[in-house]
Structures are given as C-alpha cells and as structure tokens.
Amino acid sequence: MPSTKIAGIGHYVPENVFTNDDLTKYMDTSDEWIRERTGIEERRYATKYKETTTTMGAHAARAAIEKAGISKEDVDFIIFCTLSPDYYFPGCGVLLQRELGITKTEIGALDIRNQCSGFVYGLSVADQFIRSGMYKNILLVGAEFHSMGLDFSTEGRTVSVIFGDGAGAVILQPTEESEGILTSKLHSDGTYAEELALINFGSHSGYHDDIDYGFHNEDKPGGLFATEKMVNEGMMYPYMNGQKVFKKAVVKFVEVINEALKSEGLEQSDIDMLIPHQANLRIAQFVQKSLGLSDDQVFNNIQKYGNTTAASIPIALSEAHAAGKIKKGDLVCLAAFGSGFTWGSTLIRW
Ligand code: ACO
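Take any residue in the sequence shown, note its place counting from 1, add 57, and you have its number in my numbering.
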C-alpha cells in the first residue's frame, strides 16, 4: 500500500494589511492588548467585492499545482476546508473547480466543516483515498474570508481582533518511498459546540431552550433561518468563550501530539518541525514549552496573519517550507484545535 506525500504547497494572503492600530479606528482596543494576549501584530483582509474564499483558495491552489509539477487537469479530487464559504450551499469545492477551469467531470469535490482543525481532518481524508488507490492527485485547500463576517464594533472586539483572511493548499500524491504521512489522530467533543460558534443563520430551529436564537415561535412554516432580530441585534456574529477555548486547547494540543508520536514509537524530541494551528501565540508557546521544543522546532506566523482558521496550517507550512526550514527526512508534526470542539494531529516524514 502506498503512503501519501505532499508533492506541492502554495499559499495566498490578500495585499491589504490591517494593523492593530488600524483596528483602534473602529473599536476600543489597543496594539498592546492584542499583542500581549494573542501575539498578533497585523492581519490581512480580502478586498471586498473583488475576492472571495474561493478566489483566495484558487490562488493558493494554482501555486501548489505548479510546485507539484502537474497540470490542473491532473487533479482528480478536491477537498475544501472553510468555515467562511462563499455560499451556504453549494460548498467551495465545486466553486474552486469552476474557478480553476477544471472542466472534466470525472473528479469529485468535498467540503469539510471542521473549522480550525479542518486542514488536519482534510489531510486524513485525503490520506485514506490515496492509500486505497482511489485517487492520485488530491488538491486540499484551506481558505477563510473572516473579515466579511466579524463585528468591528467594541462589542465584538474579543473575537474580531484575532482573525484574518488567507488561503493555503497542498497537492497529495501516492509514494512508495519511506516518506509521507505516518499517522493522523482525530478527535471531537460536541459538548462544547456553542463555546466557539456562529449559530445564526442556521437550521437549529430553537433546539436548546436556554439559547436565544433570535426568533419567536410562530404557528406557520418558515421564519427560522434568518430573522430581522438576528440582523438587528448582531446575532449572526461568531461567539467565543476565550478562556474555555484556551484551557482546553493547551491540553488537547499536547495530548494529540503525544498520541501520534506514541503510535509511531517516536519521542517529542524527534520532532524537527511543529506547525501548530495559529490560534494564538500564547497557546503555541504553551504547547512548545510542554513538549520541550526549541524555537527552531516550532513555526509561527500568527504575528503577521492573525488566526486564519482552516488556512493557518497550510499557510504556515508553505512559508516554513519556502524558507528552507523543512528538509527531506524531517519529522513534521501538524496539530490543531478548534470549534466543535475538534482537534487532531498529523505526523509526516518529509
Ligand atoms: N481589546 C481591549 N480589551 C479587550 C479586548 C480587545 N480586543 N477584548 C476583550 N477585552 C477586555 C474585556 O472586555 C475584559 O475587560 P473587563 O476586564 O473590563 O471586563 C478584559 O479585556 C479581559 O477580557 P477576557 O475575555 O477575560 O480576556 P482574556 O485575557 O481571556 O483574553 C482572549 C481574551 C485573547 C480571547 C483569550 O481568552 C484567549 O486567548 N483565548 C483563546 C482563544 C483563542 O485563541 N481563540 C482563537 C480561535 S479558536 C482557535 O483557533 C482554537
């Protein structure tokens, strides 16, 4: 059975740089508060009316396809990970196919809704398809257009200062060499679904009595998915229980990395490069310390891009690789934690 290797990586970030000071024009915050709590100095925002999650994903995909030395027509499956899709449906997978001009219809396109751990989940799905022999060139993309849906008033500051826009992509291929994905570990705990969530607009239909979903019971069909109250009272912005997320994340990141290492008979010190999901620099530093890794063994770029959710790992992987920080034979560890809660890790022999 073949293993799965990353044959090409690419990323795209919008030109528009938004510094912490820029945010102070819209909300009561400060560069000091943001840097201290999150490590973020600036982030990129997509150009309104001109860019979408799909177009950013397409830029990253074209770069990955070129690096892999294949043509877009060689792609036989697309996996698109995002929490900020162009449309509620259809998903970005088919939109990307169209944007890239892939006209053959023998391919499939799948959307993954796993937020911050989307890319790690996507890698694992792709790995199973490649190992089984079903596909030979899978295009896996993580892309986010957060800025279109954040609350830029002071009320939304805890969430909105953290997130940025961008995209990353990889091409996955089979390999018979002793390289590629060694293992993936995936986990979830739906108990915490609403602790980091955007529940409106949605089809929840007032399921939990203790949550104000923004509608009143009416004895007629419809009127649940989107209401005036949701719009007028800002109920369609993301909510995050920051402290709960922080406390869970630092434990689960370390657990799931150790789980992957143990299953392969490896030690923490065997890791050459850890690329954690760029949630928050403080979380990454905590994980680094817990695993006893040096600064050279961990790559962070949240300072420049903020948290780009499903895009953060492939953007960081692309930058680390381009900077020569990942060499053939290195043990690369990817790990993520996020909304759901879902979390996971991947070990790759480069
Ligand atoms: N600027 C200035 N003040 C702010 C801001 C802001 N942007 N946001 C909140 N505050 C204020 C609050 O109103 C509060 O004021 P008060 O004391 O007068 O009430 C004070 O700062 C402290 O607020 P907390 O929410 O307690 O701040 P905390 O120290 O917990 O930091 C943070 C918030 C940064 C979100 C932190 O909880 C955290 O890092 N959590 C992890 C969440 C995370 O990383 N999420 C990323 C997305 S999820 C993922 O990718 C895994």
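For every residue, glycine included, the Cβ atom is placed at its ideal position computed from N, Cα and C.
Bridge pairing for Gly225: His68, Gly199 [DSSP].
Contact check for Asn298 and Leu255: beta-carbon distance about 13 angstroms, past the 8 angstroms limit, so the pair fails to qualify. In the structure shown, Asp168 adopts extended strand secondary structure according to DSSP, grouped into three states. By the C-beta density criterion, Val177 is buried, having at least 16 other C-beta atoms within 10 angstroms. In the three-state reduction of the DSSP assignment, Lys62 falls in the strand class, which pools E and B. Distance from Leu180 to Ser217 at the Cβ level is roughly 29 angstroms; contact not present, criterion being Cβ atoms closer than 8 angstroms. With 16 or more other CB atoms across the displayed protein chains lying within 10 angstroms of its CB, Glu376 is buried. If you check the C-beta of Gln300 against the ligand ACO, you find a heavy atom less than 6 angstroms away. Between Gly223 and Ile91, the CB-CB gap reaches or exceeds 7 angstroms. Secondary structure of Glu212 (DSSP, three-state): helix. In this structure, the C-beta of Asn337 approaches the ligand ACO to less than 6 angstroms from one of its heavy atoms. Residue environment for Ala379: exposed (fewer than 16 other C-beta atoms within 10 angstroms of its C-beta).
Thr139 counts as buried, since no fewer than 16 other beta carbons sit within 10 angstroms of its beta carbon. Boundaries of the beta strand (DSSP E) around Ala393: 388-395.
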